[in-house]
Amino acid sequence: MFPGSACGPCTSVPTRELEGSFWRGSGNALHATTIVAVQRNGRVAMAGDGQITFGDRIIMKQGARKIRRLYNGRVLAGFAGSVADAMSLFEKFEGKLEEYQGNLVRAAVELAKEWRLDRVLRRLEAMLIVADREHMLVLSGSGEVIEPDQGVVAIGSGGPYALAAARALLEHSQLEAPEIARTALKIASEICVYTNDRITLEEL
Numbered sequence: 152m153f154p155g156s157a158c159g160p161c162t163s164v165p166t167r168e169l170e171g172s173f174w175r176g177s178g179n180a181l182h183a184t185t186i187v188a189v190q191r192n193g194r195v196a197m198a199g200d201g202q203i204t205f206g207d208r209i210i211m212k213q214g215a216r217k218i219r220r221l222y223n224g225r226v227l228a229g230f231a232g233s234v235a236d237a238m239s240l241f242e243k244f245e246g247k248l249e250e251y252q253g254n255l256v257r258a259a260v261e262l263a264k265e266w267r268l269d270r271v272l273r274r275l276e277a278m279l280i281v282a283d284r285e286h287m288l289v290l291s292g293s294g295e296v297i298e299p300d301q302g303v304v305a306i307g308s309g310g311p312y313a314l315a316a317a318r319a320l321l322e323h324s325q326l327e328a329p330e331i332a333r334t335a336l337k338i339a340s341e342i343c344v345y346t347n348d349r350i351t352l353e354e355l
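Each number in the working numbering comes from the position in the sequence shown (counting from 1) with 151 added on.
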């Protein structure tokens, strides 16, 4: 449970436990992207690359937008995985935000429950990072809602590289959240073949 919140039966674990299935996903669809989110000095930034890959061999699109603003622009959401599945989840999540009056944690927990238990939703192959000014969360189809220990989180095939770069910049520079997110994703794009440097960046 998140400290100081009544969000219900959610899970909070250290970011290092996001390795393995959280980085890779259950299929090829989750390989082909990188999303990173950073909090610093009251600012929140989320960056995503633009590459859409079909299977392991074909780049289908270079300039896709994998980050959206939800709830009248007060929430950022980014996805790794199937585009169609992610759009369905964005729609569901925005409905939860409306239902719970913008309470990000409550909306995330309720979506995760439904995602895990619903026969149709649990087949969706995607992961989400959602963020407002107070919280950054990772949602998965296994019903997990994870809040990172530090002010940075990343998903997708380039996630480990973006996470490492962002942590180093947080510790050893005075850059603000947008510059850290953009630089971390640029570094990931130079390492991960499934990530390009056509970066979309949104900020709260």
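Think of the CB as a built atom: it goes at the ideal place given N, C-alpha and C, for glycine as much as any other residue.
Treat the numbers as computed from the prediction; the structure is a model and nothing was measured.
Check                                                                                                     : Outcome
Contacting residues, own chain, Cβ-Cβ under 6 Å from residue 188 (five flanking each side not counted)    : 197, 280, 282, 287 and 304
Enclosing beta strand (DSSP E) for residue 280 [first to last residue]                                    : 277-282
Euclidean distance between Cα positions of residue 248 and residue 254                                    : 6 Å
Alpha-carbon to alpha-carbon, residue 229 and residue 178                                                 : Unreliable positioning characterises residue 178 in this predicted model, as indicated by a pLDDT of 46, which lies under 50. A coordinate reading is not provided.
Pairwise C-alpha distance: residue 310 and residue 258                                                    : 24 Å
CB contact check: residue 253 to chain C, cutoff 8 Å                                                      : Among the chains of the structure shown, chain C does not appear; only one protein chain is present.
Spatial distance of residue 250 from residue 243 (CA atoms)                                               : 11 Å
According to DSSP, residues forming a beta bridge with residue 221                                        : 226
Three CB pairs or more closer than 8 Å across the segment 312-319 and the segment 338-345                 : yes
Beta-carbon proximity list for residue 190, same chain, < 7 Å, skipping 5 on both sides                   : 287, 302 and 328
Integer-rounded CB distance, given that residue 351 should sit under 8 Å from residue 199                 : 5 Å
Between the CA atoms of residue 294 and residue 267 - distance to the nearest angstrom                    : 5 Å
Paired residues, beta bridge with residue 287 - DSSP                                                      : 282
DSSP three-state assignment for residue 338, whether helix, strand or coil                                : helix
Neighbourhood of residue 342 by C-beta, 8 Å cutoff - its chain only, sequence neighbours within 5 removed : 309 and 312
With 16 other Cβ atoms within 10 Å as the buried cut-off, status of residue 217                           : buried
Range covered by the beta strand (DSSP E) that runs through residue 191                                   : 185-191
Closest Cα partner of residue 348 within the set 205, 194 and 212                                         : 212
Beta-carbon proximity list for residue 237, same chain, < 6 Å, skipping 5 on both sides                   : 230 and 277
C-alpha gap between residue 241 and residue 322, whole angstroms                                          : 32 Å
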